[in-house]
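From first to last, the protein sequence lines stand for chains A and B.
The working numbering puts the first residue of the first sequence at 26, with every later residue one more than the last.
The working numbering puts the first residue of the second sequence at 26, with every later residue one more than the last.
So the structure is just underneath, and the comments pick up after that.
Protein chains: 2
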Amino acid sequence: MRQNFEEELNDLHVHFSEMGMMVNEAIYKSVKAFINHDKDLAHAVIEGDNTINSREAELENKCFELIALQQPVTSDLRKIITVMKASADLERMGDHAVSIAKSTIRVKGNKRVPEIEADIADLAEKVKKSVEDVLEAYLKYDVEKAEEIALNDRIIDKAAYTITEAAINDMKRNSELVIGATDYLLVAAYLERIGDYVTNICEWIIYHETGKVVELNTKNKDI
Amino acid sequence: MRQNFEEELNDLHVHFSEMGMMVNEAIYKSVKAFINHDKDLAHAVIEGDNTINSREAELENKCFELIALQQPVTSDLRKIITVMKASADLERMGDHAVSIAKSTIRVKGNKRVPEIEADIADLAEKVKKSVEDVLEAYLKYDVEKAEEIALNDRIIDKAAYTITEAAINDMKRNSELVIGATDYLLVAAYLERIGDYVTNICEWIIYHETGKVVELNTKNKDI
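Below is the structure:
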């Protein structure tokens with residue numbers, strides 16, 4: 026019985042990591058679609074979100090089941106709770122990828138600003154790195170790394186803020202840019218939010234190791 | 026011992042409801058501050074968010090403790106999990122109130138559009154009603170009501186979309202309106218998101234009664 030439980034816990038861990046990779050791919054594809062005006066890819070991201078949502082529901086149900094049937098204590102319980110909470114964060118990151126994909130579809134031959142799009146691509150790279158880092162830190166339950174990743178979120182916030190400012194200035198300068206620039210502003214906000222969810226996962230890594238619910242980066246969570 | 030556990034479960038329920046009322050008040054105040062250009066009130070919302078965050082951390086820790094020490098099964102366990110998940114939703118609703126408050130502080134004598142502000146006030150009323158309804162449905166674990174509230178979220182989505190469109194049109198028409206209208210657009214998006222979290226709580230009410238994790242409104246979660 027105990028052996029089985031260990032295996033189930035391990036499965037949970039593996040399925041969580043798989044879900045993380047799916048979400049990371051969705052974010053990457055959504056930004057790629059946005060930058061390349063690739064509506065087909067955007068549609069693929071939107072459709073793929075169902076799989077992510079189902080995966081979360083499966084993980085959640087599995088967690089509930091393990092808690093109810095196995096009545097785990099201390100570190101095993103923390104492992105399950107960590108998956109339960111962090112998979113909800115992953116699911117929301119996926120929702121934001123969908124939002125970015127929807128921005129791509131909405132765009133209908135608007136005037137675009139290559140400089141801002143380059144900045145968005147750059148911000149997306151930072152976010153992608155951050156998502157990959159947190160998934161790795163999660164696999165190793167690496168608290169030190171988790172704290173470092175959360176601290177780096179400020180760089181993401183700053184880059185998102187710069188894009189927002191540039192988009193607002195462009196809108197003021199040229200009314201033909203309004204619709205396109207609105208999307209820049211929203212996409213920057215979505216990426217910034219994804220960064221916040223990465224910080225949440227960092228907090229769950231720390232909870233797993235210490236049993237304490239901490240709040241990292243109690244700062245401007247929104248631009 | 027059992028008696029104590031019942032009391033602790035009841036306390037959990039009461040503290041969750043209190044947190045819900047705090048969040049509802051924060052949302053209400055943030056929109057009031059935005060509409061009346063009341064920066065003092067906006068600052069009060071931002072400061073008050075710490076109390077909401079602490080309340081969530083307390084609830085979360087209490088839930089973990091009860092699961093670990095009492096090893097509850099079936100409906101008791103579901104009660105605890107419901108509080109754990111729904112309080113995370115409440116906390117995020119509070120974050121969005123802070124975002125609205127921050128928009129208020131950012132505004133520096135921009136040109137404003139009374140018609141859109143009236144629509145935002147109207148949307149905020151709808152959201153407030155929805156938050157109050159879900160807290161009541163939660164208290165009674167009223168599944169039918171929860172389903173009805175989730176369905177009404179479409180009205181909130183539609184109102185938010187109308188504001189977004191109006192704001193974009195104004196920006197195109199008059200570049201002096203760009204900064205103000207950007208805030209209208211963001212505030213509408215925050216309110217719409219708060220509506221989504223209300224839908225999440227509806228899902229937890231249903232989970233509590235049925236043990237099933239359902240997804241209500243699998244539609245455009247974002248504008």
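Note that beta-carbon positions come from the ideal geometry of N, C-alpha and C, so glycine has one too.
Length of the line joining the Cα atoms of residue i and residue j
i: ASN199/B; j: TYR186/B; result: 20 Å
i: GLU217/A; j: LYS153/B; result: 27 Å
i: VAL56/B; j: LYS151/B; result: 12 Å
i: ASN35/A; j: ALA113/A; result: 19 Å
i: LYS54/A; j: ASN49/B; result: 36 Å
i: GLN95/B; j: GLN95/A; result: 13 Å
i: HIS121/B; j: ASN29/A; result: 42 Å
i: LYS246/A; j: ALA93/A; result: Only weak support is given to the placement of LYS246/A: the predicted model assigns it a pLDDT of 43, under 50, and the value that follows is read from those uncertain coordinates. Taking the straight line joining both Cα atoms gives about 35 Å.
i: LEU176/A; j: LEU115/A; result: 19 Å
i: PRO139/B; j: ASP195/B; result: 12 Å
i: LYS170/A; j: VAL39/A; result: 20 Å
i: ILE174/B; j: GLU161/B; result: 11 Å
i: LYS87/A; j: PHE41/B; result: 25 Å
i: ILE52/A; j: ALA82/B; result: 29 Å
i: LYS237/A; j: ILE145/A; result: 35 Å
i: HIS68/A; j: VAL132/A; result: 13 Å
i: LEU102/B; j: GLU157/B; result: 25 Å
i: GLU201/A; j: VAL108/B; result: 48 Å
i: MET44/A; j: PHE89/A; result: 18 Å
i: ALA191/B; j: LYS127/B; result: 22 Å
i: VAL168/B; j: LEU91/B; result: 25 Å
i: LYS197/A; j: SER100/B; result: 56 Å
i: GLU172/B; j: ASP63/A; result: 37 Å
Contacts that residue i makes with chain B (C-beta to C-beta distance below 8 Å)
i: MET196/A; result: MET196, SER200, VAL203 and THR207
Where residue i meets chain A, residues with beta-carbon distance less than 7 Å
i: ILE92/B; result: ILE92 and LEU102
i: PHE89/B; result: ILE106
Cβ of residue i within 7 Å of any chain B Cβ
i: ALA191/A; result: no
i: ALA82/A; result: yes
i: LEU34/A; result: no
i: ALA51/A; result: no
Interface flag, residue i vs chain A, CB-CB below 7 Å
i: ASN225/B; result: no
i: LYS246/B; result: In this prediction, LYS246/B has a pLDDT of 43, which is less than 50 and means its spatial position is unreliable; nothing more can be read from the coordinates.
i: GLU85/B; result: yes
i: GLY45/B; result: no
Chain A contact residues for residue i, given Cβ-Cβ distances below 9 Å
i: LEU210/B; result: THR207, LEU210 and LEU211
i: ALA113/B; result: LYS110 and ALA113
Contact set between residue i and chain B, taken where Cβ atoms lie within less than 7 Å
i: VAL98/A; result: ALA93
Residue burial classification, residue i (beta-carbon count within 10 angstroms, cutoff 16)
i: ALA111/B; result: buried
i: MET46/A; result: exposed
i: ARG80/B; result: buried
i: THR76/A; result: exposed
i: THR189/A; result: buried
i: VAL98/A; result: exposed
i: LEU37/B; result: buried
i: SER124/B; result: buried
i: ASP65/A; result: exposed
i: GLU31/A; result: exposed
i: GLU85/B; result: buried
i: GLY73/B; result: buried
i: LYS136/A; result: exposed
CB of residue i within 7 Å of CB of residue j, strictly
i: THR129/B; j: ALA58/B; result: yes
i: ASP178/A; j: ASN242/A; result: yes
i: THR207/A; j: ILE193/B; result: yes
i: ILE71/A; j: GLU142/A; result: no
i: LEU148/B; j: ALA184/B; result: yes
i: ILE181/B; j: GLY220/B; result: yes
i: GLU228/B; j: TYR166/B; result: no
i: ILE230/A; j: TYR163/A; result: yes
i: SER155/A; j: VAL239/A; result: no
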